[in-house]
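To start, the structure under review is shown below, and the notes come after it.
Numbering (our numbering), first residue to last: 1169 to 1453.
Structure below.
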C-alpha cells in the first residue's frame, strides 16, 4: 500500500504496509491455504493481502456475478433518488463538479468542513454524494477532497460509515476514478487513511495523492479550473508562515489547534475570512 505526497519536493511518500482485502498482482507473491481461508503474502516488505473466501478461492465468474448484482442494486437505488429533494444538501456545497484536469477529466470537489456528520441522516448524505458521482463516474474522472478546517466532532462520519460507503461503490466507478487528491491532509487524516488500509484496494492507494499546498495541485489541474472556498485559500496562506501546523506543531501561541490538526485564529467566530460564501478568491479567477 502506498500513496504519493506532493509537497514541493521530488520524493515519494511510502504508506505503511497493511492488510488489504482482495487480490494484488504483485510479482513474486506466495499463496497459502489455512482452514478454508486463502492468503496471499507478497514478498514486498510488510505487505500482506488476504482473500477471505470461506472454502477455497471464488471463481472469476462468481466474483463477476456478485459485482453485477451489486452494480444493479446501486443503479436501482440511484434511480429511486431521482425524486429526492437534495436542495438542502446542495446549499452546503459539500460536493461540486466543476472544471477539468490537465488530462480533460471532470473534477469532483469535496469539502470536508461542509460534511454535517452530527445530527444528520448519514444514509441520505451518502446517496446524495453517490448521485453526484453518478453524473460523471461512467467515464474517467478525478476527485479533489479538501480537508481544511475539518473537525473530528462535527465532520467525521466514522470509519465504519466510510468503509461501508466505499464497499457500495461499483467497481467500475473505482476504476474510472483516475486520481484522488487530498488537499491540506494533516497528521490526523493521514492516520485515519492508514487505518482504512484493510478496506481499500491496492489500486486506490496508487491513486491517492496528498497535496500540502494549493499551488502543487496546479501540476495536475490548471489554476483557472480550481474551485476552493475562501477559508481554504486563507489557510493555505497561513501555512506559508507556519508550515508545520498541519502536523500539530504551532510556533504562534495565539493559535489554537482543533481536533484534526487544523488551524483557526483564537476568535475565529468573528473572522470574516472564514465565511463559506465565497468559492474562488478574486485573484484566482
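We treat Cβ as the ideally placed atom computed from N, Cα and C, and that holds for glycine.
Note that the region 1355-1366 does not touch the region 1265-1276; fewer than 3 beta-carbon pairs, one per stretch, sit closer than 8 Å. A straight-line Cα-Cα distance of about 37 Å links residue 1316 and residue 1234. Residue 1372 sits in a helix when the DSSP states are folded into three classes.
Residue state for residue 1354 is assigned as helix, using DSSP reduced to three classes. The alpha-carbon of residue 1388 is positioned some 10 Å away from that of residue 1273.
As the crow flies, the alpha-carbon of residue 1285 is around 6 Å from that of residue 1322.
The alpha-carbon of residue 1391 is positioned some 10 Å away from that of residue 1270. The residue among 1254, 1297, 1230, 1380 with its C-alpha nearest the C-alpha of residue 1408 is 1380. In the displayed model, residue 1277 falls within a strand according to three-state DSSP. A straight-line Cα-Cα distance of about 12 Å links residue 1373 and residue 1342. Exclusion of the five residues before and after residue 1279 leaves 1261, 1262, 1314, 1397 as the residues of its chain whose Cβ lies within less than 7 Å of its Cβ.
When DSSP states are grouped into helix, strand and coil, residue 1410 belongs to the coil group. Excluding sequence positions up to five before and after residue 1300, its CB lies within less than 6 Å of the CB of 1263, all in the same chain and listed in chain order. Nearest Cα to residue 1400 within the set 1347, 1306, 1353: 1353. According to the DSSP secondary-structure assignment, residue 1347 is paired through a beta bridge with 1310.
For the pair residue 1347 and residue 1310, the CB atoms are nearer than the 8 Å cut-off. Nearest in C-alpha terms to residue 1294, of all of 1371, 1329, 1241, is 1329. For residue 1392, there is no enclosing beta strand (DSSP E), since its DSSP letter is neither H nor E.
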